[in-house]
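Count along the sequence shown from 1, add 249, and you get the number used in the numbering used here.
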Amino acid sequence: MYSLDYNCTKISLLQGDIIDQETEAIVNAANSSLMGGGGVDGAIHRAGGASIMLQCLQIRKKEWPNGLPAGEAVITTGGNLRARYVIHTVGPIWKGGSSGEEEKLASCHENSLRVALVKKLKSVSFPAISTGAYGYPVSLASNVALKAVKKTLDSEPVAKGGLHEIRFVLFTLGDYEAYVTAMKAVFH
Ligand code: APR
């Protein structure tokens, strides 16, 4: 575990499985259909149960009939998960870095935190969005993610009664080490 405090919010990194987290919300690395998939998406739907999928269907029908665009975020309850909520966001597919991937990945984090703040949640866990099936190099994605967190904590009035903890849950040691390197670069 590696953590630091920034503007009254604890930012922590750990190696583990996002479905085990007891934070109020966990973030899903979804796809635009919101109909599930592999990786984090598959794990969350398997562990969370059918109620999450039913809420995603409603969201598709009412808010995003053509699918959730990359960078956007929506929220459902956590179903059978320890987390009370799941924030579903769609990361960019890596195409080499000159197709707006950085901006979209930053938006995933900023919009997910905004959704959490609107809901007055105290803690959120992120996976390493886009670094699996979507191919975003983790050394780059980790920097984008942590810069987006810093930008949110600098801009949103979160100091009083805002987020107490933002957690990144990395599945592999390599990803964990990349996020530690990025955390030191962005916050020190
Ligand atoms: N807990 C934490 N991290 C996990 C877990 C887990 N249970 N399972 C996988 N990961 C890690 C992967 O190792 C990777 O580092 O999450 C990161 C993101 O990988 P993906 O889940 O493949 O997500 P992404 O790269 O954003 O691709 C999204 O994959 O699963 C489909 O439906 C999803 O189409 C979407 C695409």
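We put the CB at the ideal spot given by N, CA and C, even for glycine.
- In the three-state DSSP reduction, residue 414 falls in the strand class (E or B).
- Looking only at 353, 399, 302, the smallest Cα-Cα distance to residue 416 is reached by 399.
- Between residue 268 and residue 292, the CB-CB gap stays under 9 angstroms.
- In the three-state scheme derived from DSSP, where H, G and I count as helix and E and B as strand, residue 290 is classed as helix.
- Looking at the backbone, the Cα of residue 397 and that of residue 378 are separated by about 13 angstroms.
- Less than 9 angstroms separates the beta-carbon of residue 264 from that of residue 419.
- Spanning the alpha carbons of residue 395 and residue 375 requires a straight line of approximately 11 angstroms.
- About 5 angstroms separates the beta carbon of residue 340 from that of residue 357, a gap short enough to meet the 8 angstroms contact definition.
- Following the DSSP letters along the chain, one finds residue 436 inside the alpha helix (DSSP H) bounded by residues 422 to 436.
- Judged by the Cβ position, residue 280 qualifies as a neighbour of the ligand APR at the 8 angstroms threshold, a heavy atom of the ligand being closer than this.
- By the neighbour-count criterion, in which a residue is buried when 16 or more other Cβ atoms sit within 10 angstroms of its Cβ, residue 305 is buried.
- In terms of CA proximity to residue 334, 369 leads the group 260, 353, 369, 315.
- Residue 280 is not a Cβ neighbour of residue 322, given a cutoff of 9 angstroms.
- Taken atom to atom, the span from the alpha-carbon of residue 381 to that of residue 290 is near 11 angstroms.
- In the three-state reduction of the DSSP assignment, residue 277 falls in the strand class.
- Taken from the Cβ of residue 394, every heavy atom of the ligand APR lies 8 angstroms or farther away.
- Residue range 387 to 404 is occupied by the alpha helix (DSSP H) that includes residue 403.
- Distance from the C-beta of residue 349 to the nearest heavy atom of the ligand APR is not below 8 angstroms.
- Rounded to the nearest whole angstrom, the C-alpha separation of residue 320 and residue 295 is 24 angstroms.
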